[in-house]
Amino acid sequence: MRSMMIDRLGTLSLRSSRIMVVVILAVAVGFVLVQLKLVVIPLLIVFAVQDQWGTLARSATTGIDTIQEFLENGPIPIDQAQLDSVRDTVVAFLTSAQFGSGAVAGVTVAGALAALIALVASEPFTAWNTPAAVAESSSKVNAKRRR
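Going by this note's numbering, the first residue of the sequence shown is number 6, and it counts up by one from there.
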């Protein structure tokens, strides 16, 4: 076995195997870091929101109460029965299947728009709009017209 590793081919195979091990380890570390990022960041957000949930709920309740008070005592008088009717309608809509499917459709459209913007903003798709590309295409058009 030792004699096989002395010649050039053996040395090259040892170096190649070492490089492959390093590349495999680098890919594994990259994969672990991506997975860690996908797990840790949402967990940190959840913990931050969870720690501030009481304050958030109090602020939302105060805001809703302020809006309700303005609607009852504001320039356009709205009675409590009308407010209760609107609140029941909103709660019924938010808990319905229609809202869920609409939310999924909205997220799908937002994702498609984000993908479109990312594709349009990337270099291969905007290379046709550079000054050099415009000058080249206009010179080709002018050359065809001269013929």
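Yeah, the Cβ is synthetic: ideal placement off N, Cα and C, and Gly gets one too.
Where residue i falls: helix, strand or coil (DSSP)
i          : result
residue 47 : helix
residue 12 : coil
Terminal residues of the alpha helix (DSSP H) in which residue i lies
i           : result
residue 70  : 58–78
residue 81  : First-last for residue 81: undefined, no H or E at that position.
residue 106 : 102–126
Cβ-Cβ separation, residue j to residue i (assumed contact under 8 Å), whole Å
i          : j          : result
residue 73 : residue 61 : Going by Cβ atoms, the distance from residue 73 to residue 61 rounds to 19 Å, so no, they are not a contact pair.
residue 83 : residue 77 : 6 Å
Closer than 7 Å: residue i CB and nearest the ligand FAD heavy atom
i          : result
residue 30 : This structure lacks the ligand FAD, and indeed carries no ligand of any kind.
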